[in-house]
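End of the sequence shown sits at 98 in the working numbering; the numbers just go up one at a time, nothing left out.
Scroll down for the structure; my scribbles are underneath it.
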Amino acid sequence: MFDKLKDLKKLRDLDSALGNEILETEKDGIKVVINGKSEIVSIVLNSELGKDRQEQLLKECINEVCGKAKMLMAKKAAEISGFGF
């Protein structure tokens with residue numbers, strides 16, 4: 014039973030640590046900032062670009078920064094569980 018409580022604490026610690034991590038990606042003035050839990054912190058658009066270009070870059074930035082968050086999450090989970098990464 015105490016092992017389950019320890020595991021629960023590890024999960025809470027992981028959630029807290031991920032929430033404190035900040036990741037960002039920028040392309041041509043389009044910038045997306047998220048935390049380690051993949052929650053969007055901010056988005057900056059470039060009004061000098063056309064709508065289609067802004068949308069394309071925004072998608073690229075979101076996908077890239079979410080990939081960074083997944084890698085961070087896997088790394089942190091491996092650290093907490095004791096597995097190497």
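For every residue, glycine included, the Cβ atom is placed at its ideal position computed from N, Cα and C.
Note that this is a predicted model, so its numbers are computed, not measured.
Only residues of its own chain outside the window of five on either side were considered, and among them N48, G49 and K50 have a CB closer than 7 angstroms to the CB of G32, listed in chain order. Counting other Cβ atoms within 10 Å of its Cβ, L21 stays below 16 and is therefore classed as exposed. In this structure, L58 and I43 form a Cβ contact; the two beta carbons are roughly 6 angstroms apart against a cut-off of 8 angstroms.
Under the 10 Å beta carbon count, A87 is surrounded by fewer than 16 other beta carbons and is classified as exposed. Bridge pairing for E37: V46 [DSSP].
The beta carbons of L85 and E39 sit no closer together than 9 angstroms.
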